[in-house]
Every structure is written in structure tokens, then in C-alpha cells.
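Visitor: Under our numbering, the first residue of the sequence shown is numbered 1, with each subsequent residue one higher. Glycine included, each C-beta is placed from N, C-alpha and C at the ideal position. Below is one structure. I have some questions about it.
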Amino acid sequence: MSTLVPLPVVVPLIAAALSIVTGRFRAAQRVISVGALTAVFGVSIALLVGADDDGFVVHRSGGWPASIGISLVVDRLAGLMLVVSSLVLLAVLLYAIGQAGEESRRVGFHPVYLVLAAGVSASFVTADLFNLFVAFEMMLAASYVLITFGGRPDQVRSGMSYVVISLVASTLFITMLALLYASTGTVNMADLAVRLGEVDPGVRNAFALALLVVFGIKAGLFPLFFWLPDSYPTAPGPVTAIFAGLLTKVGVYAIIRTQTLLFDTPDWMGTVLVVVAVLTMVVGVLGAIAQDDMKRILAFHIISQIGYMIFGLGLFTVAGVAGAVFYIVHHIIVKTALFLVSGLVARRAGSSRLSEVGGLVRSAPIVAVLFAVPALSLAGLPPFSGFLAKFALVDAGLDASSWIAVAASLAVGMLTLFSMTKIWSGAFWGEPDEEPRREPRVQGRLGVPLGMALPTAVLALASIAVSIWAGALYDVSERASLDLLDPGRYVEAILEVEP
1 MSTLVPLPVV
11 VPLIAAALSI
21 VTGRFRAAQR
31 VISVGALTAV
41 FGVSIALLVG
51 ADDDGFVVHR
61 SGGWPASIGI
71 SLVVDRLAGL
81 MLVVSSLVLL
91 AVLLYAIGQA
101 GEESRRVGFH
111 PVYLVLAAGV
121 SASFVTADLF
131 NLFVAFEMML
141 AASYVLITFG
151 GRPDQVRSGM
161 SYVVISLVAS
171 TLFITMLALL
181 YASTGTVNMA
191 DLAVRLGEVD
201 PGVRNAFALA
211 LLVVFGIKAG
221 LFPLFFWLPD
231 SYPTAPGPVT
241 AIFAGLLTKV
251 GVYAIIRTQT
261 LLFDTPDWMG
271 TVLVVVAVLT
281 MVVGVLGAIA
291 QDDMKRILAF
301 HIISQIGYMI
311 FGLGLFTVAG
321 VAGAVFYIVH
331 HIIVKTALFL
341 VSGLVARRAG
351 SSRLSEVGGL
361 VRSAPIVAVL
371 FAVPALSLAG
381 LPPFSGFLAK
391 FALVDAGLDA
401 SSWIAVAASL
411 AVGMLTLFSM
421 TKIWSGAFWG
431 EPDEEPRREP
441 RVQGRLGVPL
451 GMALPTAVLA
461 LASIAVSIWA
471 GALYDVSERA
481 SLDLLDPGRY
491 VEAILEVEP
């Protein structure tokens with residue numbers, strides 16, 4: 001089983017190289033990309049099953065000791081992230097192929113997209129902070145190319161903002177790595193978990209806050225989210241979907257991993273996380289209800305929903321962290337589906353501005369259904385996955401007597417429902433107040449290309465599947481939480497497993 005651990009990283013990189021070689025043959029590129037991501041999805045499922053059975057699946061490259069070699073590990077959290085990320089990466093790729101937009105016009109789309117997929121997988125399986133930095137840089141390089149595909153001035157401007165902020169975060173990250181190595185002599189996370197206990201508590205707390213800032217920029221936490229609402233909506237539809245659904249969750253994953261593994265979390269850190277979570281929820285949802293463009297509404301909801309995940313982590317209880325893990329899985333699927341639907345709306349109506357769109361429930365009922373399922377889930381209505389995820393967090397918050405945060409999460413849930421209703425009444429139920437800036441492109445009886453509708457439907461069905469099998473998923477999330485809150489298990493798996 002350990003030989004499978006590098007494959008989610010290696011397979012997309014090999015496929016990216018092959019995609020460059022076959023750049024003149026778009027059909028060959030598509031076969032390579034779809035085949036590679038399908039293989040990654042299958043391997044990810046196998047790794048999750050193995051991690052859930054054994055606790056950890058560890059791979060030591062070249063058989064080197066963990067302290068000086070490259071160690072890769074899949075635990076229950078990493079396994080869940082691999083499965084859900086590979087699913088949405090594959091669905092968005094199929095959507096891009098069906099859209100026949102930048103994917104068909106840009107020979108570099110497939111290689112860059114595969115490098116992005118490799119960087120995402122590397123972030124989840126790496127066992128040391130330097131390789132996490134390398135994985136982030138892979139994602140940054142690929143995402144900057146993808147976010148500026150199209151070459152419009154607003155895309156380039158937003159892309160520059162995105163890359164400048166990301167480079168600032170990367171500079172802070174590499175600086176922290178240098179300081180951590182100077183203080184402990186290692187960047188392996190299991191080794192760091194042991195050696196940071198010997199560091200002065202004040203210095204250790206400074207490291208915890210600094211890493212929270214670094215990963216908070218990438219996750220879009222308050223007050224570090226300012227770059228996100230302007231950067232994501234200007235990108236091509238499939239690119240926006242994968243950025244919105246997945247990339248910010250890589251930052252959340254890094255926060256969960258480092259805060260639970262590396263630091264003996266003091267009470268004040270839990271308080272800081274809960275306060276930041278509440279502010280992130282509130283500011284994000286208030287920004288969403290002030291918008292008129294569907295993509296910008298959904299972009300602000302990325303920020304708002306990140307707050308729920310950090311709220312669960314800030315409780316530092318089994319139930320709280322389990323709720324956060326469950327929420328991440330639900331949100332990646334639902335948010336990606338919603339951005340794919342926004343692409344369908346723009347394709348059908350010629351715009352995603354609510355003032356320029358209307359009546360889609362009559363002219364494109366399939367699109368209306370595909371919006372309704374993830375929108376109701378995001379708003380937290382029963383019996384959808386969002387309700388179950390929020391219920392788990394609220395229950396954990398009540399057990400921890402975090403009354404203000406629970407009240408804020410419930411209020412934000414109501415405002416989220418309001419903003420989803422605003423999209424429904426504007427884009428699907430009402431009539432447009434203005435003429436769209438682009439001519440609508442009607443596609444057959446569905447109103448949209450079948451190749452775009454099917455991947456969106458798959459993710460909508462996946463969100464329903466999360467609701468149906470919520471008990472099993474929560475059980476895995478709870479076991480992942482137990483592992484995270486007992487870092488000795490991770491340390492033992494990395495440092496003591498035989499190569």
C-alpha cells in the first residue's frame with residue numbers, strides 16, 4: 001500500500017509531460033488528462049481505505065530516515081482530502097472539455113492543470129514543511145497561468161493581485177521555515193512536533209501565530225481575504241470553480257495540520273481561532289449579500305464558509321475538529337458545483353449579473369435544478385449535507401459553551417439562505433432589468449452543452465451522496481479528529497515505521 005502514496009503526485013506530473021509532447025493533438029491531451037485524473041481518483045480511494053484500516057500509510061522515498069529524507073504519509077484526513085479533491089479536479093476537467101473554451105484554444109491548459117493537480121495532492125501527502133512549500137509553489141505557478149487565460153485586462157490585473165499576495169505569503173513561509181530550522185534543526189513535521197517542545201514557549205507561540213498568518217492568507221481568513229473576491233470571478237469558468245472549491249481548502253488543511261500537530265495549543269489560541277472564524281463568517285456573508293453578480297456572491301461565500309471550518313478547529317475538541325473535517329468535504333463539492341452552475345448561467349443567458357439574467361427556471365429548468373441542490377446545501381437546509389455539517393459544528397459549539405460563535409454561525413446561515421434566494425429570484429425566477437452584455441448561446445434542448453451539464457450533475461449528486469452516507473462520513477471524520485488531537489500517533493507513524 002505504501003507504494004501508492006506518491007502516485008497522486010507522480011501520475012499528474014508524468015501526464016503533464018506527456019501532454020506537452022502531444023500538444024498538437026488535442027484529443028490525445030484530453031485522453032491523457034482524463035485518464036491520469038481518473039487513476040488518481042481510484043488510487044485516492046484505495047489510500048483512504050488503507051488509512052482508515054491502519055491509521056497511516058507511510059512512504060519513505062529511497063528508504064531514507066524521516067529526519068533527512070522525503071516522507072509522504074496518508075492519514076484519514078489526507079485520504080479524505082485526496083478523494084474529494086481528485087473528484088472535483090476530474091469533474092472540472094470534464095466540464096472544461098465540454099465548454100470548449102480556453103481548454104480548446106490553449107495548448108498549455110492541460111499541462112498546467114495537471115501540475116496544479118499534482119501540487120494539490122502533494123500538499124496533502126507531504127510530511128515536511130519544506131515540501132509543503134514546494135507544493136504551494138507548484139499550485140501558485142500553475143494557478144497564475146490559469147487565472148490569466150483569456151488575456152483580458154481585468155484578468156491580468158486580478159491575476160497580478162493574486163500572484164503578489166501569494167508571493168508575500170510564500171516569502172513569509174520560507175522565512176518561517178528558515179527560523180524553524182534554525183531553532184530545531186529539522187522541517188519534518190513529525191520531528192518538529194517533538195523538538196518544538198524544547199523551544200521557549202514564547203517563541204513556539206510566535207511560530208504558531210506566524211504559520212496561521214501564512215496559511216490564513218491562502219485560506220482567505222479575516223482580515224487576509226481582501227484579494228479573493230476580485231481575483232476568482234474574473235478567471236475562466238472552470239478555473240474559477242476549481243480555485244473556489246479547492247485551493248482555499250488547501251490552506252485550511254495546512255492550518256488544521258500544523259496547529260494540531262506542531263503546537264501544544266494554549267487556550268488563547270483556541271480563542272483567537274474562534275474570534276477569527278466568527279469575523280470571517282460575518283464579513284464574508286455581508287459582502288455576499290451586497291453583490292449583484294452571481295460569481296461575486298459565491299466568491300464572498302467562500303470567505304464566509306471558511307469561517308465555519310476554522311470555528312470547528314478553534315474548539316479543539318473531537319466533535320469540533322470532526323465537524324470541521326466533515327464541513328470541508330461538503331463544502332469542496334458544493335462550492336465547486338455552484339461555480340460550475342454560474343458558468344452554465346453565463347453560457348445560457350450571456351451574463352452572470354443578476355440584473356441581466358432572469359427566467360431561467362422556465363427557459364433552462366435543468367440549470368435551475370442543478371443550482372437548487374448545492375444552493376440549498378450551502379444555505380444549510382435539511383436534509384442536505386450543509387445542514388448536517390452545520391448541525392455537527394453547532395452541536396460541538398454548544399458542548400464547548402461557545403455561545404457567541406454558535407449564534408453567529410446560525411445568523412450567518414440565515415443570511416446565506418437570503419443570498420441564495422437572491423440569486424434564485426434574480427437569475428431563475430424574475431425577469432432581467434438590463435440587456436446582457438454578451439449574446440446568449442442557446443445549446444439544444446438542455447439550453448447548455450451536455451458536456452458541461454453532466455459534470456455539474458455529478459457534483460450535485462455527490463453532495464446528495466454526502467447527505468445519504470453522512471453517518472459513515474462523519475465516523476471517518478471523527479476518527480480523523482482523534483488522530484489529529486493525538487499527534488503522538490502521527491509522530492510514531494513517521495519516525496518509527498520501518499522503511
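Measuring CB to CB, does tyrosine 474 end up less than 7 Å from phenylalanine 326?
Guide: Here residue 474 refers to the residue found at position 474 of the sequence shown. Here residue 326 refers to the residue found at position 326 of the sequence shown. Taking 7 Å as the Cβ cut-off, tyrosine 474 and phenylalanine 326 qualify as a contacting pair.
Visitor: Contact check, glutamine 165 vs tryptophan 227 under 8 Å by CB: the rounded distance?
Guide: Here residue 165 is taken as the residue at index 165 of the sequence shown, counted from 1. Here residue 227 is taken as the residue at index 227 of the sequence shown, counted from 1. A quick correction: the sequence has isoleucine, not glutamine, at residue 165. That belief holds up - the Cβ atoms of isoleucine 165 and tryptophan 227 are roughly 4 Å apart, short of 8 Å.
Visitor: Candidates Val341, Leu378, Arg30, Asp486: which alpha carbon is nearest valine 448's?
Guide: Along the sequence shown, one-based indexing puts residue 448 at 448. Among Val341, Leu378, Arg30, Asp486, the Cα nearest to that of valine 448 belongs to Val341.
Visitor: So alanine 379 and leucine 417 are in contact, right, with Cβ under 8 Å, and what is the actual spacing, rounded?
Guide: For the purposes of this step, residue 379 is taken as the residue at position 379 of the sequence shown. For the purposes of this step, residue 417 is taken as the residue at position 417 of the sequence shown. Sure, about 4 Å apart at Cβ, within 8 Å.
Visitor: Report the rounded CA-to-CA distance for phenylalanine 149 versus alanine 349, giving the unit in angstroms.
Guide: Looking up residue 149 in the sequence shown gives position 149. Looking up residue 349 in the sequence shown gives position 349. Rounded to the nearest angstrom, the two C-alpha atoms are 22 Å apart.
Visitor: To the nearest whole angstrom, what separates the beta carbons of leucine 77 and leucine 381, a pair I think is in contact under 8 Å?
Guide: Position 77 of the sequence shown holds residue 77. Position 381 of the sequence shown holds residue 381. With 8 Å as the limit, leucine 77 and leucine 381 do not qualify as a contact, their Cβ atoms being about 27 Å apart.
Visitor: Is it a yes or a no for the segment 86-103 touching the segment 37-55, going by three-plus beta-carbon pairs under 8 Å?
Guide: Verdict: yes, contact present.
Visitor: Can you round the beta-carbon distance between valine 329 and valine 187 to whole angstroms, since I take them to be within the 8 Å contact cut?
Guide: Taking the first residue of the sequence shown as position 1, residue 329 is located at position 329. Taking the first residue of the sequence shown as position 1, residue 187 is located at position 187. So it is not a contact: roughly 28 Å between Cβ atoms.
Visitor: Check for me: the beta strand (DSSP E) holding arginine 353 runs from which residue to which?
Guide: As a working mapping, residue 353 is identified with position 353 in the sequence shown. Looking at the DSSP string, arginine 353 is not in any beta strand (DSSP E), and its letter there is neither H nor E.
Visitor: Can you tell me where the alpha helix (DSSP H) with aspartate 395 in it begins and where it stops?
Guide: As a first step, residue 395 must be located in the sequence shown, where it is residue number 395. It spans 385-399 - the alpha helix (DSSP H) in which aspartate 395 sits, taken as one unbroken run.
Visitor: Assuming valine 9 and alanine 122 make a contact with CB atoms under 8 Å, what is their CB distance in whole Å?
Guide: The residue labelled residue 9 in the question sits at position 9 within the sequence shown. The residue labelled residue 122 in the question sits at position 122 within the sequence shown. That belief holds up - the Cβ atoms of valine 9 and alanine 122 are roughly 5 Å apart, short of 8 Å.
Visitor: Taking phenylalanine 568 as part of the alpha helix (DSSP H), name the residues at either end of that continuous run.
Guide: Nothing can be reported for residue 568: it is not among the residues displayed for the chain, which extend from 1 to 499.
Visitor: Please classify glutamate 498: is it buried, with 16 or more other beta-carbons within 10 angstroms of its beta-carbon, or exposed?
Guide: Locating residue 498 in the sequence shown gives position 498, where the first residue counts as 1. Interpretation of glutamate 498 is limited by its pLDDT of 41, a score under 50 that renders its predicted location unreliable; no figure is taken from the coordinates.
Visitor: Which whole-angstrom value is the C-beta distance of valine 31 and leucine 94, which I expect to be below 8 Å?
Guide: Taking the sequence shown and counting its residues from 1, one reaches residue 31 at position 31. Taking the sequence shown and counting its residues from 1, one reaches residue 94 at position 94. With 8 Å as the limit, valine 31 and leucine 94 do not qualify as a contact, their Cβ atoms being about 12 Å apart.
Visitor: List the DSSP bridge partners of asparagine 188.
Guide: The sequence position of residue 188 within the sequence shown is 188, counting from 1. Per DSSP, Asp128.
Visitor: What are the partner residues of valine 73, as DSSP defines its beta bridges?
Guide: On the sequence shown, residue 73 is found 73 positions in, with the first residue counted as 1. DSSP lists Val58 as partners of valine 73.
Visitor: Out of curiosity, what's the CA-to-CA distance linking methionine 139 and isoleucine 255?
Guide: Here residue 139 is taken as the residue at index 139 of the sequence shown, counted from 1. Here residue 255 is taken as the residue at index 255 of the sequence shown, counted from 1. Their backbone Cα atoms lie some 17 Å apart in a straight line.
Visitor: Quick one: Cα of proline 97 to Cα of leucine 450, how far?
Guide: Within the sequence shown, residue 97 is the residue found at index 97, counting from 1. Within the sequence shown, residue 450 is the residue found at index 450, counting from 1. The question names proline, but residue 97 in the sequence shown is isoleucine. Distance between the alpha carbons of isoleucine 97 and leucine 450: 11 Å.
Visitor: Using a Cβ-Cβ cutoff of less than 7 Å, which residues in the same chain neighbour leucine 262 once the five nearest sequence positions on both sides are dropped?
Guide: Numbered from its first residue, the sequence shown carries residue 262 at position 262. The answer, listed in chain order, is Met189, Leu192, Ala193, Leu196.
Visitor: The alpha helix (DSSP H) with leucine 4 in it runs from where to where?
Guide: For this step, residue 4 is matched to residue 4 along the sequence shown. Looking at the DSSP string, leucine 4 is not in any alpha helix (DSSP H), and its letter there is neither H nor E.
Visitor: In three-state DSSP terms, what is leucine 370?
Guide: Translated into positions along the sequence shown, residue 370 becomes position 370. Helix, per DSSP.
Visitor: Hey, would you say valine 58 sits closer than 7 Å to alanine 493, going by beta carbons?
Guide: Mapped onto the sequence shown, residue 58 falls at position 58. Mapped onto the sequence shown, residue 493 falls at position 493. Their beta carbons are under 7 Å apart, which means valine 58 touches alanine 493 by this criterion.
Visitor: I'd like to check one pair, phenylalanine 311 with alanine 405: are the Cβ atoms closer than 7 Å?
Guide: For the purposes of this step, residue 405 is taken as the residue at position 405 of the sequence shown. For the purposes of this step, residue 311 is taken as the residue at position 311 of the sequence shown. Going by C-beta atoms, alanine 405 is nearer than 7 Å to phenylalanine 311.
Visitor: So, do the segment 213-230 and the segment 298-311 have three or more beta carbon pairs nearer to each other than 8 Å?
Guide: Yes, the segment 213-230 touches the segment 298-311.
Visitor: Roughly how many angstroms separate the alpha carbons of valine 274 and leucine 177, rounded to a whole number?
Guide: Taking the first residue of the sequence shown as 1, we reach residue 274 at position 274. Taking the first residue of the sequence shown as 1, we reach residue 177 at position 177. Using only the alpha carbons, I get a separation of about 26 Å.
Visitor: If you check the beta carbons only, do valine 214 and alanine 277 fall under 7 Å apart?
Guide: Mapped onto the sequence shown, residue 214 falls at position 214. Mapped onto the sequence shown, residue 277 falls at position 277. Result no, Cβ atoms of valine 214 and alanine 277 do not sit closer than 7 Å.
Visitor: Does the beta-carbon of glutamate 478 have 16 or more other beta-carbons within 10 angstroms, so that it is buried, or is it exposed?
Guide: Start at 1 with the first residue of the sequence shown, and residue 478 comes out as number 478. Its Cβ being crowded by 16 or more others within 10 Å, glutamate 478 is buried.
Visitor: Smallest Cα separation from tyrosine 253: which of Gly270, Thr271, Leu212, Met269?
Guide: For the purposes of this step, residue 253 is taken as residue 253 along the sequence shown, with counting starting at 1. That would be Leu212, whose Cα lies nearest to the Cα of tyrosine 253.
Visitor: What span of residues does the alpha helix (DSSP H) with arginine 479 cover, start to end?
Guide: Residue mapping note: residue 479 aligns to position 479 of the sequence shown, counting from 1. Where arginine 479 is concerned, the enclosing alpha helix (DSSP H) stretches over 470-485.
Visitor: According to DSSP, simplified to helix, strand and coil, what is valine 264?
Guide: Here residue 264 refers to the residue found at position 264 of the sequence shown. Correcting the residue type first, residue 264 is aspartate in the shown sequence and not valine. Looking at aspartate 264 - three-state DSSP - the assignment turns out to be coil, as it is neither helix nor strand.
Visitor: Who are the Cβ neighbours of valine 107 in its own chain at under 6 Å, not counting the five residues just before and after it?
Guide: For the purposes of this step, residue 107 is taken as residue 107 along the sequence shown, with counting starting at 1. Contacts found: Gly23.
Visitor: May I have the straight-line CA-CA distance separating lysine 295 from phenylalanine 339, to the nearest angstrom?
Guide: For the purposes of this step, residue 295 is taken as the residue at position 295 of the sequence shown. For the purposes of this step, residue 339 is taken as the residue at position 339 of the sequence shown. Rounded to the nearest angstrom, the two C-alpha atoms are 7 Å apart.
Visitor: Mark isoleucine 333 as exposed unless 16 or more other C-beta atoms lie within 10 angstroms of its C-beta, in which case mark it buried.
Guide: Within the sequence shown, the letter at position 333 stands for residue 333. When all chains shown are included, isoleucine 333 counts as buried.
Visitor: In or out: phenylalanine 25 buried (at least 16 other Cβ within 10 Å) or exposed?
Guide: In the sequence shown, counting from the first residue as 1, residue 25 sits at position 25. So phenylalanine 25 counts as exposed.
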